[in-house]
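Read through the structure below, which is laid out as structure tokens, and then see the notes.
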Ligand code: B16
Ligand code: MG
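In this note's numbering, the protein residues as written are 1211 to 1431.
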């Protein structure tokens, strides 16, 4: 990796960060809630299937979970299952606190801000504002684009394009940070550069595939 390349070569002005799996680890809570819902329905579900749900909207996630379900479900029954999962998930979110924001993530965000970058959230989650509040980042970001202001989920670029619009920064001058392959595809589809951590980094889905969040400081001066 060549340090400083993003600012010099791409005139990078803003960083749009995914929430679940990047800023905090609500991905484990998603897994536990989907697992409980699937067990209740008698559908096989494991962590490998769960990886396919990263960055994907709630209803699209449900369709993936139901791939192993042999029965028939009406739209109303599907919505009730999604609601059931969300209620379980929200119970976990209530227990979150600023202690769930790692020192590494907070200090890296603060350093990026001190270097002059605008910072935004680009998350598929409708629970994003509540999660940010819980971990002490309510009001921290310059813009929040999330599941409440989009009609198409990642890998569609809508959530990131809207974040760039809110920041008044051209897409080509934004760097997306993602843990999901679908999220990395969304960033690229929006004409943005992409740095990946976690699952998406293991899949080499980004222009930069990082071994830690802090390594972002070597990508953007
Ligand atoms: P909700 P992200 C995504 O958040 C999650 O990765 C994905 O697993 C979830 O289904 C989606 O949000 C919707 O979440 O049910 O809370 O609206 O990674 O885009 O920050
Ligand atoms: Mg994510």
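Ideal Cβ positions, reconstructed from N, Cα and C, are used throughout, including at glycine.
Which of the three DSSP states is assigned to residue i in this structure?
| i | result |
| --- | --- |
| residue 1332 | strand |
| residue 1279 | coil |
| residue 1413 | coil |
| residue 1420 | coil |
| residue 1284 | coil |
| residue 1211 | Unreliable placement is indicated for residue 1211, whose pLDDT of 47 sits below 50; the coordinate value is still reported in the next sentence. If DSSP states are grouped into helix, strand and coil, residue 1211 belongs with coil. |
| residue 1404 | strand |
| residue 1430 | coil |
| residue 1227 | strand |
| residue 1369 | helix |
| residue 1315 | helix |
| residue 1387 | strand |
Does the ligand MG have a heavy atom nearer than 8 Å to the CB of residue i?
| i | result |
| --- | --- |
| residue 1397 | no |
| residue 1333 | yes |
| residue 1230 | yes |
Take residue i as the anchor and find which of the options has the nearest alpha-carbon.
| i | options | result |
| --- | --- | --- |
| residue 1337 | 1426, 1250, 1265, 1255 | 1265 |
| residue 1243 | 1331, 1413, 1292 | 1292 |
| residue 1396 | 1365, 1358, 1431 | 1365 |
| residue 1299 | 1261, 1279, 1340 | 1340 |
Closer than 8 Å to a non-hydrogen atom of the ligand B16 - does that hold for the CB of residue i?
| i | result |
| --- | --- |
| residue 1235 | no |
| residue 1338 | yes |
| residue 1411 | no |
| residue 1302 | no |
| residue 1257 | no |
Considering just the uninterrupted stretch of the alpha helix (DSSP H) at residue i, what are its terminal residues?
| i | result |
| --- | --- |
| residue 1382 | Here residue 1382 belongs to no alpha helix (DSSP H), and DSSP marks it neither H nor E. |
| residue 1257 | 1257-1261 |
In the DSSP assignment, find the unbroken beta strand (DSSP E) run with residue i in it and report its ends.
| i | result |
| --- | --- |
| residue 1243 | That residue, residue 1243, is in no beta strand (DSSP E); its alpha helix (DSSP H) goes 1237-1251. |
| residue 1353 | 1353-1355 |
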